[in-house]
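Below is one structure, written out as structure tokens, with a few remarks after it.
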Amino acid sequence: MGPDGEVPMTTVPGETAAVVPDTTAAADLTAAPEAAAEVRELTAQSLVQYLRAWWLKVRSGDSGVLPVLLAMVVVAVTFQIITPEHSFLRPSNLVYIFGLSTVYIVLAIAETVVLLLAEIDLSVGAVALIGGVIAFKLAQNWPWWAAILAALVACGVFGALMGTLTARLKIPSFIVTLAGFLLFSGILIVVLGGADGSVNLNSSQFNQAVIYDLVQGTITPVASWILLAVVVGAFGTALWLRTARRRRQGLVAPPKSVVAIRIALMAIVGVAVVAICNVNRGTSLKTVQGVPWVIPIVLVVAGVWTLVLGRTRFGRYLYAIGGNPEAARRAGVSLAGIRTWAFALCSATAGLGGILLGSFFFGEYSTNTADPGQLVLYTVAAAVIGGVSLFGGRGKAIHGVLGGLLIGGIAYGVSLLNLGSLSTPLQYILPGAVLLAAVLIDVLSRRGAGSVTRV
Amino acid sequence: MSDVTADSSKTPAGATDAAMVADLTAAQEAAADVPPELVAQSLGQYLRASWTRVRSGNSGVLPVVLAIVVVAVSFQIANSKFLSAQNLVNLFEQSTIYMLLAIAEIFVLLLGEIDLSVGLVMALGSVVVAELVQPGRNWPWWAAIIVTLLACAAVGAIQGTLVARLRMPSFIVTLGGLLILEGVAIIVLGGSLVGIGNSQYKNELVLYNIFWGSFSPLVSWILLVVVVGAAGTGLWLRDARKRRHGLETPPRSLTALKIVFMAVAGIALVAICNVNRAHVGTIEGVPYIIAIVLVVYGASTVLLQRTRFGRYVYAIGGNPEAARRAGVILPSIRTWCFVISAVISGIAGVLFASWQVSLTTNIIKAANSYVLLAVAAAVIGGTSLFGGRGKTIHGVLGGLVIGGIYNGLYLLGVSSQWIDVVVAAVLLAAAAIDVLSRRGAPDQT
């Protein structure tokens with residue numbers, strides 16, 4: 001994935017520093033209060049130490065996904081109580097919310113890549129919509145995979161252009177992508193064939209049906225269970241074997257209990273998702289059940305980006321540049337190259353989000369499908385609510401997933417409330433309030449920790 | 456000249472070395488940093504110093520003035536109606552919203568912050584003022600406008616406080632503010648449309664006339680004489696007083712040139728506006744909104760260039776830590792900038808309500824795109840996104856470029872999607888010129 005090709009898997013942060021032969025020091029490295037919170041978590045030797053290290057990290061202002069998880073619980077419980085017939089947590093609604101959130105999730109992951117560099121991409125909404133329209137247009141004649149691939153490549157090229165202007169000419173990314181937003185919003189309408197143009201997928205033709213089914217199609221219940229078993233089995237085994245290998249080689253590894261809990265958590269979430277999706281959510285006339293394709297698709301996107309960001313040289317360079325560009329440059333990182341690639345990959349990922357958005361809207365794209373400006377604002381909001389920093393160097397793919405789900409959940413929950421004329425305004429006010437609350441909590445927790453504050 | 460040398464203790468420029476006084480602009484490095492009107496002793500020196508400054512990357516309004524010329528010439532070639540009196544007035548009217556929002560944005564950009572909510576503050580202002588003058592409530596128009604501006608000021612104060620006291624990033628605060636305001640504006644609108652087009656009601660009529668009404672031609676001329684006379688006399692007397700006190704003063708010829716330029720521009724404007732621009736009947740005279748924009752422009756220029764507050768704004772934008780150590784109270788200056796930005800956006804909102812005549816949910820949603828155009832106008836005009844560099848004139852000129860592009864392409868029958876494409880190209884070009892001219896400068900990288 002990285003621009004440099006083969007990437008050694010063993011170079012994990014903390015590896016060299018933490019090989020400690022001194023047994024007393026190894027006994028509880030987390031005790032030293034001045035050790036960085038990051039290090040404490042890496043050096044934990046037991047579950048208790050691990051939890052304590054994690055709590056210290058939260059206390060020091062690096063709360064990770066905790067605020068967004070709490071917000072999701074609050075939102076879910078509140079809507080479950082106040083919706084008529086307590087319908088918010090019905091399986092059919094939950095599956096719908098995931099479909100609705102898909103575009104925010106994928107776009108927020110894309111935006112995270114650029115935010116990590118302390119840059120911003122205001123064009124993701126417009127690029128996503130163009131990607132969707134290109135794929136839908138091409139799928140009329142091309143095989144589905146070629147249509148999707150061409151759309152992603154086109155979006156990647158758009159991103160590379162903007163990245164080049166930002167990285168080589170040093171024009172601020174805010175300006176370049178603002179221009180990109182205007183440019184691609186205009187081109188979008190041209191590609192659609194005018195202000196009242198539209199493109200539809202004919203689901204009776206195979207290639208169009210595949211794209212139509214990306215969100216609308218489902219895997220049968222039995223296949224869903226099998227898939228779950230395979231995925232959790234493969235991931236669990238890989239995780240277990242990797243930590244075992246590290247332990248054997250004398251490297252720092254999380255305690256066995258932590259690994260076991262992680263695998264169990266993954267299995268529980270997976271079982272819950274499949275169980276919810278396998279409930280019949282159709283009408284009495286037509287049965288709809290099973291996991292929608294979009295869930296594994298989003299999992300793959302999030303998984304690939306987690307690997308790229310966490311385990312490749314490219315990912316480490318992104319964090320390095322976001323943390324301190326001058327230090328990264330002196331360490332030999334090609335700033336311009338990495339930045340250009342980040343914008344290109346961000347735009348390509350956004351293009352996938354656009355394709356899924358069109359599929360969610362039953363395979364129809366028109367100028368009314370989504371407002372590119374609204375989309376980018378929600379996207380940045382989702383990423384920041386999820387826990388991505390606007391100032392670079394801090395953020396993960398999972399933040400985009402959780403932030404996107406929260407935005408989608410709020411939007412759908414409000415629409416369930418039968419508020420009449422208040423329904424539309426609340427769909428703007430609540431995400432705005434959640435965004436402000438998320439950042440306020442972040443700011444206040446940092447202040448409490450007595451860490452660095454900006455002037 | 457003799458005054459200057461006599462007063463050598465007072466100012467650094469009153470050097471006893473006559474050769475140095477003769478041409479302070481000759482030194483390349485100095486000329487690039489010091490404003491030319493401060494060191495130039497004659498018109499020739501002034502022009503040379505200005506050119507050195509442009510060459511060194513400090514091009515000021517030159518690129519945007521060139522952009523205006525390019526826009527005007529190319530559209531005039533494409534459609535000979537572009538520079539007609541009727542269309543020019545139309546163009547000014549359409550540009551006013553962009554100009555006001557850009558000026559509002561500049562107050563925040565100067566701090567090195569950003570305000571994404573100006574478009575929605577404008578939308579909120581337009582809905583509030585339109586609702587208040589409805590027959591049911593029937594507020595007097597002036598009370599409605601005051602309450603609207605106060606409401607907008609409150610929004611700015613809340614956002615400014617979150618940014619300035621809690622140090623939340625302004626990008627996020629105003630992004631959240633934008634979303635919340637969008638909802639609030641729709642609630643205030645009450646789900647239906649609100650109009651101010653009914654001329655039976657005096658207050659609705661006054662509001663309507665803010666955008667669509669004009670001074671009579673005679674009043675326009677009188678106003679011009681009064682404004683140019685007052686501004687010219689003020690400028691001349693100020694320079695004369697400074698010269699008498701032995702302070703740095705631009706050469707007399709330059710001051711005279713400025714006043715003449717102001718008068719010529721004013722006469723051209725009034726002459727254009729006084730042509731009858733109606734297809735049927737008579738519409739002539741300077742539109743009220745041009746006067747309103749000029750007042751806002753003048754007041755913000757004085758505030759930023761001639762008051763302690765303005766100097767503090769530039770100081771914070773240049774280096775907040777240095778400003779803090781010099782005793783500037785950062786939170787209050789920052790909060791005030793957000794308040795001023797919101798009030799100017801509120802004025803734009805009153806104009807917007809008057810312009811649109813009737814407001815709907817869709818118009819409120821569309822107000823979102825104005826913030827991006829406002830930032831674009833400010834940057835095209837020459838304001839930096841990173842604080843400390845920018846003037847209100849940049850907002851006026853940048854707004855004129857964007858208004859001109861919209862107007863010109865509309866005149867050519869080009870559909871709106873292409874207008875966005877052209878604005879994007881101009882924005883990129885402006886940023887690229889800015890970056891490249893800096894790169895050409897020998898002293899910077």
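Quick mapping for you: the protein sequence lines, in order, are chains Z and V. Under the working numbering, think of the first position of the first sequence as 1, with each following residue one higher. Under the working numbering, think of the first position of the second sequence as 456, with each following residue one higher. We treat Cβ as the ideally placed atom computed from N, Cα and C, and that holds for glycine.
Check: Burial state of Asn658(V), where buried means 16 or more other Cβ atoms lie within 10 Å; Outcome: buried
Check: Proximal chain Z residues relative to Gly684(V), where beta-carbon distance stays under 9 Å; Outcome: Correct list: empty, because the minimum Cβ distance to chain Z is about 41 Å.
Check: Helix, strand or coil at Leu814(V) according to DSSP, with G and I counted as helix; Outcome: strand
Check: Within 9 Å, strictly: CB atoms of Arg732(V) and Ala533(V); Outcome: no
Check: Whole-angstrom C-beta distance between Val725(V) and Ser671(V), which should lie under 8 Å; Outcome: Between Val725(V) and Ser671(V) the Cβ distance is about 12 Å, and since that is not below 8 Å, they are no contact.
Check: 7 Å Cβ cut-off: residues of chain V touching Lys170(Z); Outcome: Val890
Check: Touching by the beta-carbon criterion (3+ pairs, under 8 Å), the region 844-853 of chain V and the region 550-566 of chain V; Outcome: yes
Check: Any C-beta of chain Z under 9 Å from that of Asn658(V); Outcome: no
Check: Anticipated Cβ contact below 8 Å, Leu883(V) with Ser581(V), distance rounded; Outcome: Contact doesn't hold; Cβ gap of about 30 Å is too wide.
Check: Of the residues Ala711(V), Thr704(V), Pro518(V), Met717(V), the one placed nearest Val948(V), counting alpha carbons only; Outcome: With chain V covering only 456 through 900, there is no way to say anything about residue 948(V).
Check: Proximal residues to Ala886(V) (C-beta, below 8 Å), its chain only, five neighbours per side dropped; Outcome: Val834
Check: Interface flag, Gly432(Z) vs chain V, CB-CB below 9 Å; Outcome: yes
Check: Residues of the region 685-698 of chain V whose Cβ lies closer than 7 Å to any Cβ of chain Z, in chain order; Outcome: none
Check: Residues near Phe361(Z) by beta carbon distance below 7 Å, same chain, minus five either side; Outcome: Thr369
Check: Strand pairing of Asn200(Z), partner residues [DSSP]; Outcome: Glu364(Z)
Check: N- and C-terminal bounds of the alpha helix (DSSP H) containing Asp213(Z); Outcome: 206-216
Check: For Ser101(Z), the nearest candidate out of Ala238(Z), Ser423(Z), Asn93(Z), Leu405(Z) (CA to CA); Outcome: Leu405(Z)
Check: Own chain, CB closer than 7 Å to Val661(V), minus 5 neighbours either side, in chain order; Outcome: Trp596
Check: Outcome for Asp196(Z) when other beta-carbon atoms lying within 10 angstroms are tallied against a minimum of 16; Outcome: exposed
Check: Span of the alpha helix (DSSP H), counted from its first residue to its last, around Gly125(Z); Outcome: 124-138
Check: Val649(V) in three-state terms, based on DSSP; Outcome: strand
Check: CA nearest to the CA of Ile385(Z), picked from Leu51(Z), Gln49(Z), Gly64(Z); Outcome: Gly64(Z)
Check: Beta carbon proximity, Leu437(V) to chain Z, threshold 9 Å; Outcome: Nothing about residue 437(V) can be reported from this structure: the residues present for chain V run from 456 to 900 only.
Check: Against chain V: residues of the region 185-205 of chain Z by CB proximity under 8 Å; Outcome: Ser185, Gly186, Ile187, Leu188, Ile189, Val190, Gly194, Ala195
Check: Neighbour flag for Ser824(V) against chain Z, beta carbons, 9 Å; Outcome: yes
Check: Partner residues on chain V for Gly373(Z), Cβ-Cβ distance less than 8 Å; Outcome: Asn823, Ser824, Leu827
Check: Extent of the continuous alpha helix (DSSP H) to which Gly392(Z) belongs; Outcome: Run containing Gly392(Z): none; DSSP gives neither H nor E here.
Check: Other residues of its chain near Val114(Z): CB distance less than 8 Å, five sequence neighbours each side excluded; Outcome: Ile120, Asp121, Ser173, Ala342, Phe343, Cys346
Check: Cβ pair count under 8 Å reaching 3, the region 294-303 of chain Z against the region 348-365 of chain Z; Outcome: yes
Check: C-alpha distance - Ser647(V) paired with Ala606(V), whole-angstrom precision; Outcome: 21 Å
Check: Any 3 or more C-beta pairs closer than 8 Å across the region 817-830 of chain V and the region 568-578 of chain V; Outcome: yes
Check: For Gly408(Z) and Tyr104(Z), believed in contact at Cβ under 8 Å, the rounded distance; Outcome: 6 Å
Check: Chain A contact for Thr340(Z) (CB, 9 Å cutoff); Outcome: No chain A is present in this structure, whose protein chains are Z and V.
Check: Residue from Ala578(V), Leu749(V), Ala608(V) with nearest C-alpha to Cys792(V); Outcome: Ala608(V)
Check: Distance between Thr838(V) and Gly515(V) (C-alpha atoms, nearest Å); Outcome: 9 Å
Check: Neighbour flag for Gln140(Z) against chain V, beta carbons, 9 Å; Outcome: no
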